[in-house]
Amino acid sequence: MERADPRSRRDAYGSRINRAHSPLLAYAVPWATILFASVLPMFPIASAAPIVPPIGLMTLVAWRLVRPGLLPVWAGFPLGLFSDLFSGQPFGSGVLLWSLALIAIEAIETRFPWRSFVQDWLIAVAIVACDVVAAACLSGARLAAPLFAALVPQVLLSLMLYPIIARMISALDRFRLLRVRILG
Amino acid sequence: MAPPSSRRSSYSRRAQYGVFTGYVIAGVGALIGAILLALSLWRPASFNGPRTVAQDAVAPAAEASAEVRAESLNLIEAIRGYLRAGSQNAELKEEVELARIRLAEAEAIRRENARLKALLGLEEDEEARPVTVARLIGSTSASARRFAYLGAGRIHGVRVGMPVRSPRGIVGRVLEVGRRSSRVLLLTDSQSVLPVRLADGNVVAYAEGRGDSMLRIRLINLGINPLKKGDVFVTSGAGGYYRPGIAVAIVAEKTEDGALARIISDPAATDYVAVEQVWQPEAVRAAATPVEQSVSEANEN
């Protein structure tokens, strides 16, 4: 008989001989990336205007839309709590808005179960835009037209950033299910 | 494929209860969030403890990223410098000549100033040494509030209320202090109000942040608006927090009751900043004392 195809014992997540998915990796990666992403806006620039998109929330929404059923509905509570420590918003605004975002996605999903990427993109941008405006209203800042005008670039940047984040999340999702060698 | 959550949760009672409990926890989570939010809007300092601990934890990483940021800024500046060296050289020559004349004038004024002060017997503590010098290690660049984080905290002598300045001008005021990091309210935050005056004149005004990197200058004496594009505002010393005469903003556009001004010390362009002592701690304490209580009584408490 001809030699067997060397890839016959492999799938997208690596060789299947003596290797299995790691539960730690499979469950920790989404939470860890969202936590990391919510600290991220603090680092790159000390700007005089809000311009960096809410990357933490975008990562959460992307995980929820790219891989449904992985994060529980209540994930917004602990993750929002963590993001509040770094976002500069009054404490609790992340908890409230992130919880509402996940509940909203759940409601949208019952109504429209079959979606393409473009629809996911629109959903994500709508949620991020609502979050940015609501966060500005709840931030304790004095509300005036210039403040809202300053939010427009932030929303536009989020619009452009979502496809990139979604691709990164799908790559991370493959990494999450990577087979690792079993010992013993 | 239909997403798994849109499929029915089967006829298993247990699975159905699981889904239902998830929704209940999510709803309760949102409710707790709303309560926390109301609490922290009512008393903004309620959750400072956990927040400062969290900032202290990420401060070393932020410090490293701030260093990279400053280096890359320098690199871009250097490249830009090469590209327009010729025209800049001519401009600079002209500027230096003017500056030399101004410097001579300033020297004369300084002498006169010293003489007049000596005449009046005014003591000025020249050595207003900064409390500490540290990096701006980050900011809340995704939020509508404008806060920056500073890489120095309680162990470096930083206290709440101290002014923060860069070599160019005022950056903001310390809002809360952790062990080795602190949070700074930037001038552009919409809750920041700063008493200022025109650098070459007696026009006094308030500089309020607008939240979009511009300051709104509101004149105290309304009447004919004397401002011009390019006017520079400095701190007036009123309120007691900031020493007078530090650069704040430059007028970009005239409005009906004042002007729109650009901050001189943009936090994005600053690397190291100095934390200074509160200029007149007694005045600040007096301003915080309720009207019913006399200031000397409050000092005793």
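Chain order of the listed sequences is A and B. Quick note: the first sequence uses the working numbering, first residue 829, plus one each step. Quick note: the second sequence uses the working numbering, first residue 9, plus one each step. All C-beta atoms in this analysis are idealised placements derived from N, C-alpha and C, irrespective of residue type, glycine included.
Q) Does the beta carbon of G30 (chain B) come closer than 8 Å to any beta carbon on chain A? A) yes
Q. Is it buried or exposed for S20 (chain B), if we count other Cβ within 10 angstroms and need 16 for buried?
A. exposed
**Q.** Contact between the region 188-203 of chain B and the region 93-108 of chain B (3+ Cβ pairs under 8 Å)
**A.** no
**Q.** Partners in chain A for L45 (chain B), counting only beta-carbon separations shorter than 8 Å
**A.** P918, F919, G920, S921, V923, L924 and L966
Q. Ends of the beta strand (DSSP E) at L282 (chain B)?
A. Inspection of the sequence shows that residue 282 (chain B) is occupied by Ala rather than by Leu. Residues Y280 to V283.
**Q.** Span separating the alpha-carbon of A65 (chain B) from that of R59 (chain B)
**A.** 10 Å
Q: Output yes or no for whether 8 Å exceeds the beta carbon distance between D959 (chain A) and A932 (chain A).
A: With contacts defined as CB atoms closer than 8 Å, D959 (chain A) and A932 (chain A) fail to qualify as a contacting pair.
(Q) Does chain A have any CB closer than 8 Å to the CB of V172 (chain B)? (A) no
Q) So which residues on chain A does Q155 (chain B) lean against when the C-beta distance must stay under 8 Å? A) Inspection of the sequence shows that residue 155 (chain B) is occupied by Phe rather than by Gln. In chain order: G916.
Q: Indicate whether at least one CB of chain A lies closer than 8 Å to the CB of R218 (chain B).
A: yes
Q. For M988 (chain A), does the three-state DSSP call read helix, strand or coil?
A. helix
Q.
Along the chain, where does the beta strand (DSSP E) containing R293 (chain B) start, and where does it finish?
A. Counting along the chain, R293 (chain B) falls outside any beta strand (DSSP E), though it belongs to the alpha helix (DSSP H) covering P289 to A296.
Q. Is V204 (chain B) close to chain A, meaning its C-beta is less than 8 Å from at least one C-beta of that chain?
A. For V204 (chain B), the nearest beta carbon of chain A is not closer than 8 Å to its own beta carbon.
Q. Got a sec, what are the start and stop residues for the beta strand (DSSP E) P175 (chain B) sits in?
A. Note, P175 (chain B): premise wrong, no beta strand (DSSP E); not H, not E.
Q: Report the partner residues of R270 (chain B) according to the DSSP bridge assignment.
A: B:M222 and B:I258
Q) What is the rounded straight-line gap between the Cα of A1055 (chain A) and the Cα of V889 (chain A)? A) Nothing in the structure corresponds to residue 1055 (chain A), since chain A is present only between 829 and 1012.
Q | The beta strand (DSSP E) enclosing Y214 (chain B), as first and last residue numbers | A | V212 to G217 is the span of the beta strand (DSSP E), which, as asked, contains Y214 (chain B).
Q: Can you have a look at W50 (chain B) and say buried or exposed, based on whether 16 or more other CB atoms are within 10 angstroms of its CB?
A: exposed
Q) In angstroms, rounded to a whole number, what distance separates the CA positions of A296 (chain B) and A93 (chain B)? A) 53 Å
Q: Taking the CB atoms as reference points, tell me whether P900 (chain A) and L985 (chain A) lie closer together than 8 Å.
A: no
Q | Start and end residues, beta strand (DSSP E) containing Y157 (chain B) | A | F155 to L158
Q) Among B:A72, B:P298 and B:A122, which residue has its Cα nearest to the Cα of I145 (chain B)? A) B:A72
(Q) Taking only three categories from DSSP, how would you classify R191 (chain B)? (A) Here R191 (chain B) sits in strand by DSSP.
Q. What are the start and end residues of each continuous alpha helix (DSSP H) run of 4 or more residues lying completely inside the region 52-113 of chain B, in chain order?
A. 56-91
**Q.** Under 9 Å (Cβ pairs) to chain A, residues found in the region 139-152 of chain B
**A.** Against chain A - using a Cβ distance shorter than 9 Å - the residues of the region 139-152 of chain B are L144, I145, G146, S147, T148, S149, A150, S151 and A152.
Q. Are the Cβ atoms of R153 (chain B) and Q947 (chain A) separated by less than 8 Å?
A. Taking 8 Å as the cut-off, the beta carbon of R153 (chain B) is found no closer than this to the beta carbon of Q947 (chain A).
Q. Straight-line CA distance for R977 (chain A) to L950 (chain A)?
A. Checking the sequence, you will find Ala at residue 977 (chain A) rather than Arg. Computed Cα separation, rounded: 21 Å.
Q) Hey, S147 (chain B) and A160 (chain B): beta-carbon distance below 8 Å or not? A) no
Q.
Between which two residues does the beta strand (DSSP E) holding T140 (chain B) run?
A. T140 to S147
Q.
Please report the distance separating the alpha-carbon of A114 (chain B) from that of S244 (chain B).
A. Taking the straight line joining both Cα atoms gives about 20 Å.
Q: Would you kindly report the start and end of the unbroken beta strand (DSSP E) that includes L202 (chain B)?
A: V201 to L206
Q: Please confirm if the region 207-220 of chain B is in contact with the region 164-174 of chain B, defined as three or more CB-CB distances below 8 Å between the two stretches.
A: no
Q | D839 (chain A) in three-state terms, based on DSSP | A | strand
Q | Under 9 Å from the C-beta of I883 (chain A): neighbouring residues of chain B | A | A150
Q. Since P858 (chain A) meets chain B, which of its residues come closer than 8 Å, beta carbon to beta carbon?
A. The contacting residues do not exist; P858 (chain A) stays about 15 Å from chain B at best.
Q: Measuring only between beta-carbons, confirm whether S836 (chain A) sits less than 8 Å from chain B.
A: no
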